[in-house]
Amino acid sequence: MAAKGRPSRQSIAPKLSLSPSAVMKGRNRNKAGKALYWKVEPPTISSHLENKTWHELQLELARLNQTENSEFFDRLGRGIIPAPITIPEKALDFVLSRYVQYCMIAKQLDICYHYLVHPQKRMMLKACLLAVFTRILELKNELVQIDQREYQFLEEIIETYGCTQADVELTVPLFIREETMDILKERERFLSSVISTENSRRSSKSEKPMSRQEAILLIQRQTRFYMANKKVELAHQVLRPLSEEDSNKIMRRVVNKWRVYTTRKEVLALKTEYERLLEIIPNDETLSTKRIMSDYTLSKRNRARAKANEEEYDLDKTRIENELFGSEGPFLAWSLHYTIKQWLLEVRDVIGNFSTFPSVEEGGSTAIFADKDINDVADDLSANMATGKFVFPPTEKKKKPKKEKKIAKKNPWGAEGFEYVIDETDCMREMKDKTLQYTDYWFYKDDSANLKQTHDRDLLQEELRLVVSDEIRTQVDELIRQELEKLVYAIDRIAPKEPKASKKKSKEKGKKGGKKKGKGDLTADRTVEELFRELLAQGIIRRCPVVSLDSFICEYSYSGGALDRALRDPMPSLADVKRMVMEFAVLPLSCQTLHQQASLTRCCHWGSLKMKKKGWVGGLKRELDG
């Protein structure tokens, strides 16, 4: 299959048409009068391209998210039920296209994260990456349920989007590797020290003193070996000189070897000159080496810059939080306390007694100041006047994500009544929130004056203001509950209810006499090094071979799609096996967020002898920092 050229990082996202409201929201114009929707031209080379790529990828992700949300909402924003897909082939193509699109975006977002140094952009990009990888695993689970097998052939879909297999290859995100790099190095250093100490201790114990007779025999053997070598050298020197025929043969052989060497050099020089004329290779021989060194230097500089910006972000975050607590905290606490107290008194004037203050589960004071329209307020007042108590509406709880889709359990390729229903997941809602955050703030943000790509103080201050207000609200709610009990007792003469004593203590006391104490910790006086040494001595802990999944050279099966259409059920290639290991084992276990949100799969890797099953397991351990 002939694939089109691999797209560059900066041109993977198509040009998107913006709505008139988005265009008029805050666009700028240059000297020529051309509309500029944002300015992403920082002077540093590292941020110039990657800021541009980040904007394009965010717009592509927003477009894809909008396409998926159109299945659940109409143009007016009203919820609708998506129409089910009753044709298995159509459902498979639909999910495969979404799967390939998300894989392309995930690959480019991971590359973009490697070059971005802005801390808040990196945090947003990290959240988008987690959401995208979670969505990829969800779509993979749907593919398995529709196709009834763990591998699919992607060459036709990839050819449709004009990319290659390398553009949709899944790898562990870079930020996960960075988070575990220090821990892995420290663990490796500790294990190496323990193993070296144990080996030196074993070697010192295994050495035995040599007796006098054994030392004499060893010296005699070495002397005989030395004398035999000397005799052989003397025999070679005494041999007769070579004849004229032998010398001619040797000369002809040397000449032939030299001619082959010079001819090979000339052919290689002609080939290099021909490739330079066709501009296949650069004219400067050292250009490729310089480019590699410049990329390495740029990557190293970006990591140092990103680390310095994150440290500055953490320091400024603590400083701003303390400033907000000191400047806005007292006034916010007083105004909130006064407003809640005034509300309690007004409610007492209406219904005749004090209202119960909402509990923490009901939302506290946030339930009082919830946004309501006139009809909701009228319904609440009528219910409160009828009961004589102020009743708060129950807060909506978040629905747990559905792990199983409504798909026929039988084989869908020939089963009657096949029906695939698209479900909205928490991952899609999270991507929608991140997209709205990007379009509301970062899309129109002029970041060209930020030379060092440091954090945005205004955005950080707004985020911390919400955190400070929530913490102050929690403290004020607790204070209001105590004051309300005193007011009810002082005015209405109703004593506060005493908390009921828990029955667990009485049960524990009853069982205390008949229950025997178990053994305590037998390793309380042992250190971790001692336990490791003991496990190493017993052979329980062994050092894993350093094997990476990238070291497996795999090739894709480009005829799998044609064989699959012919119903021949082709076998997966090694590249498909590598992809399945990444999807079912590495990605769900690489991060706590992916482990919680993605559906877990029980998989077994089996095969005949000498099929590198242990090598795959070693690569899995290496990817998971085992």
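Take any residue in the sequence shown, note its place counting from 1, add 104, and you have its number in the numbering used here.
Every residue, glycine too, gets a C-beta built ideally from N, C-alpha and C.
These numbers come from a predicted model, not from an experiment.
Could you tell me which residues DSSP pairs with residue i in its beta bridges?
i	result
Tyr203	DSSP, once it has assigned bridges, lists no residue as partnering Tyr203.
Phe177	Gly183
Ile189	Tyr524
For my contact list, residue i and residue j are in at a C-beta cut-off of 8 Å; report their separation, rounded to the angstrom.
i	j	result
Leu701	Thr238	Inspection of the sequence shows that residue 701 is occupied by Gln rather than by Leu. Indeed, because the Cβ distance is near 5 Å, the residues count as touching under 8 Å.
Ala210	Lys538	Not really, about 14 Å apart at Cβ, beyond 8 Å.
Ala235	Glu534	5 Å
Leu698	Leu241	7 Å
Lys65	Asn173	Outside the shown range of the chain, which is 105 to 730, sits residue 65, and nothing can be said about it.
Leu693	Leu728	5 Å
Cys658	Lys682	5 Å
Pro676	Asp668	Going by Cβ atoms, the distance from Pro676 to Asp668 rounds to 11 Å, so no, they are not a contact pair.
Ala410	Arg226	7 Å
Leu691	Leu274	7 Å
Determine the contact status of residue i and residue j, defining contact as a CB-CB distance below 7 Å.
i	j	result
Gln557	Val221	yes
Ser459	Val451	yes
Tyr524	Ala195	yes
Trp158	Cys207	no
Lys312	Glu687	no
Glu427	Leu568	no
Pro462	Gly468	yes
His441	Val580	yes
Gln269	Tyr545	no
Leu168	Gln205	yes
Ile385	Glu379	yes
Gly665	Glu259	yes
Gln224	His559	yes
Ile576	Leu436	yes
Leu200	Ile261	yes
Val651	Gly719	yes
His218	Leu295	no
Cys695	Ile280	yes
Phe429	Val272	no
Ile595	Glu175	no
Ile185	Asp178	no
Leu653	Ile645	no
Thr264	Phe522	no
Less than 7 Å between CB atoms is the rule here; does residue i satisfy it with respect to chain D?
i	result
Glu567	Absence of chain D from the displayed structure is noted, only one protein chain being present.
Comparing the CB of residue i with every heavy atom of the ligand GDP, is any distance shorter than 6 Å?
i	result
Tyr219	As presented, the structure is devoid of all ligands, the ligand GDP included, so that no description of it is given.
Which ranges would you report for the alpha helix (DSSP H) in the stretch 252-284 if only whole runs of at least 4 residues count? 259-265
Under 8 Å: do the stretch 627-638 and the stretch 291-310 share three or more Cβ pairs, one atom per stretch?
yes
Practice prompt. Starting from the N-terminal side, write out each stretch of the alpha helix (DSSP H) that is 4 residues or longer and does not extend beyond the stretch 320-391.
Written response: 348-381
The stretch 253-271 touching the stretch 570-588, judged by at least three CB pairs closer than 8 Å = no
Could you tell me which uninterrupted alpha helix (DSSP H) segments, each at least 4 residues in length, are contained entirely in the stretch 431-469, listed from first to last along the chain? 433-455
As an exercise, report each continuous beta strand (DSSP E) stretch of at least 3 residues that is fully enclosed by the stretch 523-589, in chain order.
none
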